[in-house]
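Student:
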Amino acid sequence: MASNLFQSRSWGKFTRNRFAVVSLGVILAYLLVAVASFVGVITLEDTQVRVLPDRTRGFLESSDLDKRSRDAQWFVERTSLRVQRAELAPESYERLMSELALRERRVADVPLERMAELIERAESQLDDLYDALDDRDEVLDEILFIDLELRRLGDSAEDAALASEMRSEREALLARVSDVDAAAETRIAAVEATILEIHPYPGGLGGLWYGVRTFLGSDAQGRSISMKAFYSIRIAFQVGLVVAVVCVIIGTVLGAAAGFFGGWVDYFVMYLVSVLSSIPTLVLLGVLVYMFFGHPLFDNPAERPGLALVPVYCAMCLTFWVSTCRVIRGEVMKIKNLEYVQAATSIGFGRVYILFKHVIPNTAHLMFINLSLLFIGAIKSEVILSFLGLGVKGQPSWGVMISQAKDDISVMFFWEVVTASVLMFGLVLAFNILSDALQDAFDPKHVS
Amino acid sequence: MALIEVRNLVKHFPVRGGVLNRVVGKVHAVNGVSFDVQRGETVGIVGESGCGKSTLGKTIIRLIDPTEGSIKYDDKEITTLGHGGMMRIRRKMQIIFQDPYSSLNPRMTVRGLLREAIKFHDVVPANQVDDYITELIRTVGMRPDAADKFPHEFSGGQRQRLGIARALSVKPEFIVADEPVSALDVSIQAQVLNLMMDLKEKLGLTLVFISHDLKVVEHFCDRVLVMYLGHIVEELPTRDLHLRAKHPYTRALLGANPIDDPDDRRPLTVLQGDVPSPFSPPPGCPFQTRCPRVHDRCRVEMPPLVTREAGVNGEAETERVACWAVEVDEQEKLSAGAGAR
Numbered sequence: 105m106a107s108n109l110f111q112s113r114s115w116g117k118f119t120r121n122r123f124a125v126v127s128l129g130v131i132l133a134y135l136l137v138a139v140a141s142f143v144g145v146i147t148l149e150d151t152q153v154r155v156l157p158d159r160t161r162g163f164l165e166s167s168d169l170d171k172r173s174r175d176a177q178w179f180v181e182r183t184s185l186r187v188q189r190a191e192l193a194p195e196s197y198e199r200l201m202s203e204l205a206l207r208e209r210r211v212a213d214v215p216l217e218r219m220a221e222l223i224e225r226a227e228s229q230l231d232d233l234y235d236a237l238d239d240r241d242e243v244l245d246e247i248l249f250i251d252l253e254l255r256r257l258g259d260s261a262e263d264a265a266l267a268s269e270m271r272s273e274r275e276a277l278l279a280r281v282s283d284v285d286a287a288a289e290t291r292i293a294a295v296e297a298t299i300l301e302i303h304p305y306p307g308g309l310g311g312l313w314y315g316v317r318t319f320l321g322s323d324a325q326g327r328s329i330s331m332k333a334f335y336s337i338r339i340a341f342q343v344g345l346v347v348a349v350v351c352v353i354i355g356t357v358l359g360a361a362a363g364f365f366g367g368w369v370d371y372f373v374m375y376l377v378s379v380l381s382s383i384p385t386l387v388l389l390g391v392l393v394y395m396f397f398g399h400p401l402f403d404n405p406a407e408r409p410g411l412a413l414v415p416v417y418c419a420m421c422l423t424f425w426v427s428t429c430r431v432i433r434g435e436v437m438k439i440k441n442l443e444y445v446q447a448a449t450s451i452g453f454g455r456v457y458i459l460f461k462h463v464i465p466n467t468a469h470l471m472f473i474n475l476s477l478l479f480i481g482a483i484k485s486e487v488i489l490s491f492l493g494l495g496v497k498g499q500p501s502w503g504v505m506i507s508q509a510k511d512d513i514s515v516m517f518f519w520e521v522v523t524a525s526v527l528m529f530g531l532v533l534a535f536n537i538l539s540d541a542l543q544d545a546f547d548p549k550h551v552s
Numbered sequence: 008m009a010l011i012e013v014r015n016l017v018k019h020f021p022v023r024g025g026v027l028n029r030v031v032g033k034v035h036a037v038n039g040v041s042f043d044v045q046r047g048e049t050v051g052i053v054g055e056s057g058c059g060k061s062t063l064g065k066t067i068i069r070l071i072d073p074t075e076g077s078i079k080y081d082d083k084e085i086t087t088l089g090h091g092g093m094m095r096i097r098r099k100m101q102i103i104f105q106d107p108y109s110s111l112n113p114r115m116t117v118r119g120l121l122r123e124a125i126k127f128h129d130v131v132p133a134n135q136v137d138d139y140i141t142e143l144i145r146t147v148g149m150r151p152d153a154a155d156k157f158p159h160e161f162s163g164g165q166r167q168r169l170g171i172a173r174a175l176s177v178k179p180e181f182i183v184a185d186e187p188v189s190a191l192d193v194s195i196q197a198q199v200l201n202l203m204m205d206l207k208e209k210l211g212l213t214l215v216f217i218s219h220d221l222k223v224v225e226h227f228c229d230r231v232l233v234m235y236l237g238h239i240v241e242e243l244p245t246r247d248l249h250l251r252a253k254h255p256y257t258r259a260l261l262g263a264n265p266i267d268d269p270d271d272r273r274p275l276t277v278l279q280g281d282v283p284s285p286f287s288p289p290p291g292c293p294f295q296t297r298c299p300r301v302h303d304r305c306r307v308e309m310p311p312l313v314t315r316e317a318g319v320n321g322e323a324e325t326e327r328v329a330c331w332a333v334e335v336d337e338q339e340k341l342s343a344g345a346g347a348r
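Listed in order, the protein sequences are those of chains Z and F.
If you're matching positions, the first sequence starts at 105 in my numbering and goes up one per residue.
If you're matching positions, the second sequence starts at 8 in my numbering and goes up one per residue.
1. Any C-beta of chain F within less than 9 Å: which residues of the segment 355-379 of chain Z qualify?
2. For the alpha helix (DSSP H) holding L243 (chain F), just list the boundary residues, first then last.
3. Comparing the C-beta of P73 (chain F) with each C-beta of chain Z, is any distance below 8 Å?
4. Establish whether the CB of Q101 (chain F) and some CB of chain Z are separated by less than 8 Å.
5. Answer with yes or no whether the minimum CB distance from M94 (chain F) to chain Z is below 8 Å.
6. Which residues of the segment 100-122 of chain F have a Cβ closer than 7 Å to any Cβ of chain Z? Give them in chain order.
7. To be precise: take each residue of the segment 422-450 of chain Z, compare its Cβ to all Cβ atoms of chain F, and keep it if any distance is under 7 Å. Which residues remain?
8. Among F:V215, F:V231, F:E160, which one has its Cα closest to the Cα of L221 (chain F)?
9. Using a C-beta cutoff of 8 Å, does I52 (chain F) count as contacting chain Z?
10. Quick check: what's the CA-CA separation for C330 (chain F) versus I125 (chain F)?
11. In three-state terms, what does DSSP make of I11 (chain F)?
12. If you run the structure through DSSP and keep just helix, strand and coil, what is Q188 (chain Z)?
13. I need the boundaries of the alpha helix (DSSP H) containing L88 (chain F), first residue and last residue.
14. Of all the CB atoms in chain Z, is at least one closer than 8 Å to the CB of R23 (chain F)?
15. Answer with buried or exposed for H254 (chain F), where buried requires no fewer than 16 other C-beta atoms within 10 angstroms of its C-beta.
16. Sort out for me which residues DSSP pairs T49 (chain F) with in a bridge.
17. Within 10 angstroms of the Cβ of E208 (chain F), are there 16 or more other Cβ atoms? Answer buried if so, exposed if not.
18. Got a sec: is the Cβ-Cβ distance from H254 (chain F) to anything in chain Z below 8 Å?
19. Tell me which same chain residues have a C-beta within less than 8 Å of the C-beta of L278 (chain Z), skipping the five on either side of it?
20. At the 8 Å Cβ level, is G454 (chain Z) part of the contact set with chain C, yes or no?
21. Three Cβ pairs or more, each shorter than 8 Å: is that satisfied between the segment 128-138 of chain F and the segment 100-112 of chain F?
22. What does R306 (chain F) reach in chain Z if we use C-beta pairs closer than 9 Å?
23. State the Cα-Cα distance for the pair G64 (chain F) and S176 (chain F), rounded to the nearest angstrom.
24. In chain order, which alpha helix (DSSP H) runs of at least 4 residues are fully inside the segment 379-437 of chain Z?
25. Assuming V22 (chain F) and V30 (chain F) form a contact by the criterion Cβ under 8 Å, report the distance between their Cβ atoms to the nearest whole angstrom.
26. Compare the C-beta of H399 (chain Z) against all C-beta atoms of chain F and say whether one is closer than 8 Å.
27. What do you reckon, are the CB atoms on V147 (chain F) and R168 (chain F) nearer than 8 Å?
28. Taking 8 Å as the CB-CB limit, is N536 (chain Z) close to chain F?
29. Are the CB atoms of L70 (chain F) and I102 (chain F) nearer to each other than 8 Å?
30. So what does DSSP say about F517 (chain Z), is it helix, strand or coil?
31. Taking 8 Å as the CB-CB cut-off, is S552 (chain Z) touching chain F?
32. Measure how close the beta-carbons of E241 (chain F) and L212 (chain F) come, nearest whole angstrom, since I'm counting them as under 8 Å.
33. Let me see if you follow: with CB-CB separation under 8 Å, is L88 (chain F) close to chain Z or not?
34. Whose Cβ in chain F lies nearer than 8 Å to the Cβ of N466 (chain Z)?
35. Using beta carbons (cut-off 8 Å, strictly below), is A153 (chain F) in contact with chain Z?
36. Please report the Cβ distance between T147 (chain Z) and R225 (chain Z), rounded to the nearest whole angstrom; I am assuming they are in contact, meaning their Cβ atoms lie under 8 Å.
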């Protein structure tokens, strides 16, 4: 079967399309990640546990001094708090230190005395850092003050003299900026070195895995952006596949029956279609979400995160099949008058057999297009709904990520929004290209 | 006894319109048609586009349910049969379609579509199906490797052969050929016609051959029914057709055929105007609007289909004509004959 596929004309046509092969590769990569989270390589817990200080930038961008010093302070404070408690009750030292672990990145395995020493050193280095930062702030404040004064001064001779004096003073201050910056830089480097001693990076496989967790930075609660984004791929595939398959099956069967049998079947189906397409999906989803509100099975994201998606599936499956149904109905109305359908009738086949054997297979190209359109559409809708807080609950999703990170944008932190958007964009684009190429390749009448 | 007996067959298609989608009228596609087809005979049905010949052909094998009238196949009434009863009869009557491009399911291989029909009717035991398919494909003059190809890989003529193979696959006795060659090139037409003639001889088929080309029908059929606006206006043997034809419409059809003799310069009788709308046919003779021999009686009274002896050279054959002018001619001929005697 498989070897047949790889030798077929369609496969050859498909592999000649370079975009299609690239997009297939991209989708396979997505699929791999989705499978990884299905089999438990990436767990829900990975997306919920702190791995870094808040809003750490990803690998492409280095943080500024203020951010670095805040992070250093955060590291030192949380460690020193536990060291103080451990000094009161030394038997709980190990437990307290294990609480500090950031997944693979654990606190150095040293005795309490050594740890206390390190903390003391870090705190004094931190104090030095604060002094340096104060100096730096003072210089920067003075420059700012002079700039404001200069703007206030007029054109009189007196003012001009004052202005030139101030300018020379500003020059001197500017020369000092690089000095105070360098001083602050060396001091923060010292603190960071000590922190690394307390909290070394893990080596080996653990280090690699920690690198995967941190290479896209962390969100406002210090959780790994990459893990959240990867786990969202699984959610996207889940929603996309369930909704697309269910909708295409419902839409094809109802649409084909309506077009083929006509009469009251057609009236009934088209009535259903008209009614459903006049209800906005968002409103229906809101109703369904409130219907399931507080339900022990379907609104229990903490214990049953999978079932918490059921309202989302229901709302999308209820409304999305209508577009497929309309298209299939029209095509079937065309096909049922073709001569090969009459030929099948003249052989003596039953109506239902003809519908499933001769009519529906000839709508396969439309089913294919609708499958990919609905897959993409469902993913996009899921993102929008989750953004609005109506969709995925208790699990990460690209929509949830974007909605959580929308406040970060005001502090110029784009990592979470961009990661979620780029991953969604990549999947949707690759899927569009792939479905086009597959449609071309598997259409028996299309010759290239 | 005739294999097919059609009596007063009527097919009206309802026309819906208006806001409430009510039936506002009907298209009179077939209007009280009666004829017989003898076993082993080939009957042609000719007429111009829209005269109801395809509807008639499809109604005979009940692809379309008739509005009124009776169709007897082998002395068995088939218009009242349910699905189960019809299924057994369907094996005996098949159809070959006009358009070879839409008559084969594009998603099925040739083998698939033949096997489906063969298995459905258990034409041959399951272990012989593949051999039988190969044989069928050879029978219609194609190579056996055609079996595993899809319809789009064939030309129009080849597809029409496959259409014939499908019709033959259930070993029918009776085949309706609905303009089987009109969509093909002239050279291919001859091939397909010859193939059909050979098969008819070999398998002893009974054929109803629908065409708008009188020349093909003359060549191919034993008898011809000339249809105009849902009525049979003349029925006659095809031998010496141009000598026998009496109805003005048949004569006009004959006149429209190109003549293969440059010295034979008969005046052309060209029909004026169009066929009246089958939505509202005129009272009286349907051909009155274009008939060169129309007179008052034609406008009010429908001429009956009168059966006569038509023996040219003393053969015992009958023909049927529905025309008042021909009626008058015959009366005169009779009285002239009586006067001479």
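Every residue gets a Cβ at the ideal spot worked out from N, C-alpha and C, and that includes glycine.
Tutor: Let me spell this out:
1. Considering only beta carbons, no part of the segment 355-379 of chain Z lies closer than 9 Å to chain F.
2. Under the DSSP assignment, L243 (chain F) falls outside any alpha helix (DSSP H), being part of the beta strand (DSSP E) whose first and last residues are 238-244.
3. Put simply, the CB of P73 (chain F) is far from chain Z, with every gap to its CB atoms at 8 Å or more.
4. yes
5. yes
6. Listed by position, the residues of the segment 100-122 of chain F near chain Z (Cβ gap below 7 Å) are Q101, I102, F104, D106, S109, S110, L111, N112, P113, R114.
7. Going along the segment 422-450 of chain Z in chain order, one finds L442, E443, Y444, Q446, A447, T449, S450 with a Cβ nearer than 7 Å to chain F.
8. Closest in C-alpha terms to L221 (chain F), from the list F:V215, F:V231, F:E160, comes F:V231.
9. no
10. 47 Å
11. strand
12. Looking at Q188 (chain Z) - three-state DSSP - the assignment turns out to be helix.
13. Here L88 (chain F) belongs to no alpha helix (DSSP H), and DSSP marks it neither H nor E.
14. no
15. By the neighbour-count rule (16 or more Cβ atoms within 10 Å), H254 (chain F) is buried.
16. F:L214
17. exposed
18. no
19. So the qualifying residues of the chain are I247.
20. Given the protein chain composition of this structure (Z and F), no chain C is represented.
21. no
22. The contacting residues do not exist; R306 (chain F) stays about 37 Å from chain Z at best.
23. Using only the alpha carbons, I get a separation of about 20 Å.
24. 385-395, all fully within the segment 379-437 of chain Z.
25. 7 Å
26. no
27. yes
28. no
29. Yes, the pair counts as a contact, with Cβ atoms nearer than the cut-off.
30. coil
31. Model confidence at S552 (chain Z) stands at a pLDDT of 45, short of 50, so the residue's coordinates are unreliable; what they give is reported in the following sentence. No, S552 (chain Z) lies away from the interface with chain F (no Cβ there is under 8 Å from its Cβ).
32. Not really, about 25 Å apart at Cβ, beyond 8 Å.
33. no
34. N112, P113, R114
35. no
36. Going by Cβ atoms, the distance from T147 (chain Z) to R225 (chain Z) rounds to 37 Å, so no, they are not a contact pair.
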